[in-house]
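Heads up, the first sequence is in my numbering, so the first residue is 161 and it goes up one at a time.
In what follows, a structure is listed as structure tokens, so that the remarks can point back to it.
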Amino acid sequence: MPELPEVETVRRGIAPVLLGRRLVRVLQRRPDLRVPLPEDMAGRLAGRKVVAVNRRAKFLLIDLDDGATLIIHLGMSGKFVILKGAAGAPDRFAPHDHVVFDTDGGDRLVFNDPRRFGLMELAATGDLDKVRWFRGLGPEPLGNEFSAAVLSESLRGRRTSIKAALLDQKVVAGLGNIYVSEALFRSGISPRRSAHTIPGRRAERLVPAIREVLEAAIRAGGSTLRDYVQADGALGYFQHQFLVYGREGQACAAGCGGTIARIVQAGRSTFFCGNCQK
DNA sequence: ACGCCCACCTGGAGGC
DNA sequence: TGCCTCCAGGTGGGCG
Numbered sequence: 161m162p163e164l165p166e167v168e169t170v171r172r173g174i175a176p177v178l179l180g181r182r183l184v185r186v187l188q189r190r191p192d193l194r195v196p197l198p199e200d201m202a203g204r205l206a207g208r209k210v211v212a213v214n215r216r217a218k219f220l221l222i223d224l225d226d227g228a229t230l231i232i233h234l235g236m237s238g239k240f241v242i243l244k245g246a247a248g249a250p251d252r253f254a255p256h257d258h259v260v261f262d263t264d265g266g267d268r269l270v271f272n273d274p275r276r277f278g279l280m281e282l283a284a285t286g287d288l289d290k291v292r293w294f295r296g297l298g299p300e301p302l303g304n305e306f307s308a309a310v311l312s313e314s315l316r317g318r319r320t321s322i323k324a325a326l327l328d329q330k331v332v333a334g335l336g337n338i339y340v341s342e343a344l345f346r347s348g349i350s351p352r353r354s355a356h357t358i359p360g361r362r363a364e365r366l367v368p369a370i371r372e373v374l375e376a377a378i379r380a381g382g383s384t385l386r387d388y389v390q391a392d393g394a395l396g397y398f399q400h401q402f403l404v405y406g407r408e409g410q411a412c413a414a415g416c417g418g419t420i421a422r423i424v425q426a427g428r429s430t431f432f433c434g435n436c437q438k
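Structure below.
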């Protein structure tokens with residue numbers, strides 16, 4: 161599923177369809193995703209105008225003209241499909257089409273999520289910090305508040321691996337399994353290294369590596385492995401630029417002569433070059 | 001408090 | 001073809 165670059169790509173894809181548009185009809189096809197959908201969500205959204213489409217970490221934030229924000233997480237397999245000009249069309253749905261938005265611009269937006277790890281929730285726009293999904297969330301890696309000093313501070317004293325620490329959304333918000341492996345490779349840091357050894361010079365390398373890999377992935381429209389597609393159906397192509405993820409047994413892209421290894425940490429695959437990453 | 005393991009779900013890939 | 005096992009871009013709860 162989607163990590164920060166994929167969610168940002170989805171945001172950019174759905175924003176033109178939603179921004180300034182009124183939701184003329186919302187259809188909720190099942191009562192729950194990962195958690196129960198908001199009580200009468202379809203009724204509360206119908207007639208509302210979208211005033212902003214933002215992102216925080218891996219969440220999409222759709223601000224409405226009544227002071228509410230629709231919070232959406234794509235989970236592992238959630239995606240949006242844009243059907244241009246399909247608003248008001250007969251209801252013919254694909255498997256796992258869970259929520260349908262028709263706008264007064266004439267377009268239809270369909271949320272599809274086979275695994276149903278995604279979620280939607282409504283909250284007051286001014287109170288998002290109090291929402292349980294956002295409490296304790298770390299800094300945005302592409303924002304000014306993320307720095308080597310800030311990262312060092314949150315890693316100080318942590319005994320877990322740097323791989324696991326970077327997956328912790330309280331440390332930095334938006335990285336997932338792919339981009340953690342990629343950022344660690346780019347900064348020459350072993351994923352097995354204990355997090356408390358990162359503060360200082362290693363953090364000075366890691367922070368720009370995180371920023372660079374995320375920015376490059378956004379430029380490429382994200383990474384398409386299985387489920388993920390951009391909202392217009394286009395595939396992301398950053399997967400072709402992976403240096404380590406999914407490349408077990410292949411030669412290290414840095415030309416060091418080493419081979420990419422796969423290990424399991426905290427139940428998730430990690431890919432790295434034991435030669436380049438110390 | 002922290003860190004690890006598991007569950008939550010479905011589908012695709014690969015082995016036999 | 002078919003069945004069975006493993007694996008997958010995430011996250012939070014429960015346990016030690």
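For glycine and all other residues, C-beta sits at the position ideal for the given N, C-alpha and C.
Assigned exposure category for residue i - 16 Cβ within 10 Å defines buried
i, result
"A426", "exposed"
"G248", "exposed"
"T430", "buried"
"R305", "The sequence shown places Glu at residue 305, rather than the Arg named in the question. E305 should be labelled exposed."
"L315", "buried"
"R407", "buried"
"F253", "exposed"
"A377", "buried"
"T357", "exposed"
"G245", "exposed"
"V195", "exposed"
Whether residue i touches residue j by CB criterion (7 Å)
i, j, result
"G298", "K330", "yes"
"V186", "A212", "no"
"L193", "R208", "no"
"G336", "E168", "no"
"D311", "A363", "Here residue 311 is Leu; the residue named in the question, Asp, does not match the sequence. Result yes, Cβ atoms of L311 and A363 sit closer than 7 Å."
"L395", "T384", "yes"
"P274", "S237", "yes"
"S354", "Q437", "no"
"H256", "F271", "no"
"C433", "G415", "no"
"L403", "A413", "yes"
Straight-line gap, residue i to residue j (C-alpha atoms, nearest Å)
i, j, result
"A284", "R182", "18 Å"
"I420", "D287", "45 Å"
"P359", "Q188", "47 Å"
"V166", "G317", "A quick correction: the sequence has Glu, not Val, at residue 166. Spanning the two alpha carbons is a distance of roughly 32 Å."
"R422", "G266", "47 Å"
"R204", "T263", "15 Å"
"E375", "L269", "26 Å"
"Y405", "E342", "7 Å"
"A202", "A325", "38 Å"
"Y339", "F398", "11 Å"
"D289", "N214", "14 Å"
"K345", "W293", "This sequence places Phe at residue 345; Lys is not what is there. Looking at the two C-alpha atoms, the distance is approximately 29 Å."
"R174", "G382", "Position check: residue 174 holds Ile in this sequence, whereas Arg was assumed. Between I174 and G382, the C-alpha separation is close to 15 Å."
"R379", "R172", "11 Å"
"L295", "A333", "The sequence shown places Arg at residue 295, not Leu. For R295 and A333, the distance between alpha carbons rounds to 11 Å."
"R361", "G348", "12 Å"
"V170", "G180", "17 Å"
"L178", "F261", "9 Å"
"D200", "G409", "51 Å"
"P250", "E300", "41 Å"
Checklist entry - If we count Cβ pairs, one from each stretch, closer than 8 Å, do we get three or more for the stretch 232-246 versus the stretch 271-280? => result yes
Next on the checklist: With three or more beta-carbon pairs closer than 8 Å as the criterion, would you say the stretch 389-400 touches the stretch 239-246?
Outcome noted: yes
Item to check | Stretch-stretch touch, CB-based, cutoff 8 Å, three pairs: the stretch 203-219 with the stretch 363-377 | outcome: no
Next on the checklist: Extract the residue ranges of the alpha helix (DSSP H) inside the stretch 199-246, only unbroken runs of 4 or more that lie entirely within it.
Outcome noted: 201-205
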